[in-house]
Amino acid sequence: MISADMELLPLLFLSFCFLTLSGLTFAAESGTPVVVKEDDDAILPCFFDTNVENIELMKFDWKKEGTDPRKQVFMYDRGAHHNNGLSDQDDQFKGRVSHFPEKLTDGNASIRINNTRLKDKGNYTCFFPNSKKTFLVELVVGAADPSVTILGHTNNGAQLKCDVKGAYPRPTVEWQDSKNQTIPSEDQTLKRGEDFYVTLKTTVRKTDYYHCVATQKEIHHRSHTKIYVYLNGARSGTGKITATVLSVMIGIFATV
Ligand SMILES: *[C@@H]1O[C@H](CO)[C@@H](O)[C@H](O)[C@H]1NC(C)=O
Ligand SMILES: *[C@@H]1O[C@H](CO)[C@@H](O)[C@H](O)[C@H]1NC(C)=O
Ligand SMILES: *[C@@H]1O[C@H](CO)[C@@H](O)[C@H](O)[C@H]1NC(C)=O
Ligand SMILES: *[C@@H]1O[C@H](CO)[C@@H](O)[C@H](O)[C@H]1NC(C)=O
1 MISADMELLP LLFLSFCFLT LSGLTFAAES GTPVVVKEDD DAILPCFFDT NVENIELMKF
61 DWKKEGTDPR KQVFMYDRGA HHNNGLSDQD DQFKGRVSHF PEKLTDGNAS IRINNTRLKD
121 KGNYTCFFPN SKKTFLVELV VGAADPSVTI LGHTNNGAQL KCDVKGAYPR PTVEWQDSKN
181 QTIPSEDQTL KRGEDFYVTL KTTVRKTDYY HCVATQKEIH HRSHTKIYVY LNGARSGTGK
241 ITATVLSVMI GIFATV
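The numbers in the UniProt record's numbering rise by one with no breaks, and the one at position 213 of the sequence shown is 213.
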């Protein structure tokens, strides 16, 4: 039985800062990065004002830093947008970006990018030309998400494997027991392109919960997958091993 409950904790803090774009300085609200796994959808937040303000009849323009400044990630202009006829959307984003029409009356100009690719990572700006407000959001694609399997049993235990695929930046990966003690394991890390693939094997000898923990400090990301291993008189190869993968949790931890 495998169940996967995923949970992204809300952003933990918001900070107020100034950023300089093309020589102009705008006030911008920025927060912790949006962190997703490759292929997941990402919601990039952008909010016009803390006071509720209807933006249905306004314009907002999402761009990605470091790409052709004439091309947009997504533009909304008084009801017209890239999914209903506006041109000049960057090919990289065609058919993958949408906004939240029902949220416009709240001043919410957030967008959703479907099926994120590693290439999508970077800094995005959400610009309101009428008020010259710009918001900056960093998107990180490559959150580590460990998956665990039982390779088999040995004379007196079970061999477990943890895989973390396509992670960036490089994660630290550990096997821990139910007391959060790190247990010795054999680690193999491969790098493909910019991404890291980590395989961690360990042998356990008693019935317990074990979890594989992947941490990416730079992006305040930690996730773990827990497995329950029941060892029933596992000796001389006659024993039975029952194991249940209990949960996958993805969290963002703050290091303030
Ligand atoms: C992205 O995915 C969501 C949910 O699956 C869907 O409602 C939305 O229309 C998709 N956006 C685009 C641009 O295809
Ligand atoms: C804006 O809308 C998005 C999508 O529904 C939501 O995730 C986000 O929390 C909203 N932002 C605010 C500040 O309400
Ligand atoms: C995004 O901007 C922040 C702060 O301006 C910077 O530290 C970071 O390196 C940028 N990220 C990318 C991918 O360019
Ligand atoms: C182990 O660590 C997790 C978070 O990483 C924590 O929630 C849990 O309480 C810890 N358990 C023990 C026994 O310290």
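Don't be surprised by glycine CBs; every beta carbon is placed ideally from N, CA and C. Predicted model only: the values in this text are computed from it and were never measured.
Using 8 angstroms as the cut-off, can you tell me whether the region 148 to 160 makes contact with the region 197 to 208, which would need three or more C-beta pairs spanning the two stretches below that distance? yes
Check: Glu-194 C-beta below 8 angstroms from any heavy atom of ligand 3: Your numbering for residue 194 matches position 194 in the sequence shown. Because no heavy atom of ligand 3 lies under 8 angstroms away, the Cβ of Glu-194 does not count as near it: no.
Could you check where the beta strand (DSSP E) with Ala-144 kicks off and where it finishes? Counting from 1 along the sequence shown, the entry for residue 144 is found at position 144. Counting along the chain, Ala-144 falls outside any beta strand (DSSP E), and DSSP gives it neither H nor E.
By the 10 Å Cβ neighbour count, where 16 or more other Cβ atoms means buried, how is Thr-116 classified, buried or exposed? Reading the sequence shown from its first residue, position 116 is the one you call residue 116. Classification for Thr-116: buried.
Neighbour flag for Asp-195 against chain C, beta carbons, 9 angstroms: Looking for chain C here will not work: only one protein chain is present.
Does Thr-182 pass the burial test, meaning 16 or more other C-beta atoms within 10 Å, or should it be called exposed? By one-based count along the sequence shown, residue 182 stands at place 182. Exposed, since its Cβ has fewer than 16 Cβ neighbours within 10 Å.
Taking buried to mean at least 16 other C-beta atoms within 10 Å of its own C-beta, is His-211 buried or exposed? Locating residue 211 in the sequence shown gives position 211, where the first residue counts as 1. Looking at its Cβ environment, which holds 16 or more other Cβ atoms inside 10 Å, His-211 is buried.
Measuring straight from C-alpha to C-alpha, what distance separates Ala-109 and Arg-222? Position 109 of the sequence shown, counted from the start, is the residue given in the question as residue 109. Position 222 of the sequence shown, counted from the start, is the residue given in the question as residue 222. Their backbone Cα atoms lie some 28 angstroms apart in a straight line.
Can the beta-carbon of Val-213 be found less than 9 angstroms from the beta-carbon of Ile-150? Mapped onto the sequence shown, residue 213 falls at position 213. Mapped onto the sequence shown, residue 150 falls at position 150. No.
Per DSSP, what kind of secondary structure is Thr-105 in: helix, strand or coil? Counted from its first residue, the sequence shown places residue 105 at position 105. Of the three classes helix, strand and coil, the one that applies to Thr-105 here is helix, per DSSP.
Less than 8 angstroms separating the Cβ of Val-213 from some heavy atom of ligand 6? Ligands displayed in this structure: ligand 1, ligand 2, ligand 3 and ligand 4; ligand 6 is not among them.
Less than 8 angstroms between the CB atoms is what I'm expecting for Gly-166 and Tyr-197, so what's the real figure, rounded? Counting from one through the sequence shown, the residue named residue 166 turns up at place 166. Counting from one through the sequence shown, the residue named residue 197 turns up at place 197. So it is a contact: roughly 7 angstroms between Cβ atoms.
Does the region 134 to 143 come into contact with the region 70 to 87, if we say contact requires no fewer than three beta-carbon pairs (one atom in each stretch) closer than 8 angstroms? no
Kindly indicate which residue of Asp-163, Asp-91, Asn-130 has the alpha-carbon position closest to the one of Tyr-76. The count along the sequence shown starts at 1 and reaches residue 76 at position 76. Ranking the options by Cα distance to Tyr-76, first place goes to Asn-130.
Who pairs with residue 263 in a beta bridge, going by DSSP? There is simply no residue 263 to check, as the chain begins at 1 and stops at 256 in what is shown.
Given this structure, state the Cα-to-Cα distance separating Thr-134 from Phe-100, to the nearest angstrom. The residue you call residue 134 lines up with position 134 of the sequence shown. The residue you call residue 100 lines up with position 100 of the sequence shown. Going from the Cα of Thr-134 to the Cα of Phe-100 covers about 19 angstroms.
List, from N- to C-terminal side, the alpha helix (DSSP H) runs of 4 residues or more that fit wholly inside the UniProt domain "Ig-like" (146 to 228). none
Quick check on DSSP: helix, strand or coil for Asp-40? In the sequence shown, counting from the first residue as 1, residue 40 sits at position 40. Coil.
At a cut-off of 8 angstroms, would you count Ser-131 as near ligand 1, judging by its Cβ distance to the nearest heavy atom? Working through the sequence shown from its first residue, we reach residue 131 at position 131. The answer is no for Ser-131.
Look at the alpha carbon of Gly-152 and the alpha carbon of Ala-144, and state the distance between them as a whole number of angstroms. As a first step, residue 152 is located in the sequence shown; it is residue number 152 there, counting from the start. As a first step, residue 144 is located in the sequence shown; it is residue number 144 there, counting from the start. One C-alpha to the other measures close to 25 angstroms.
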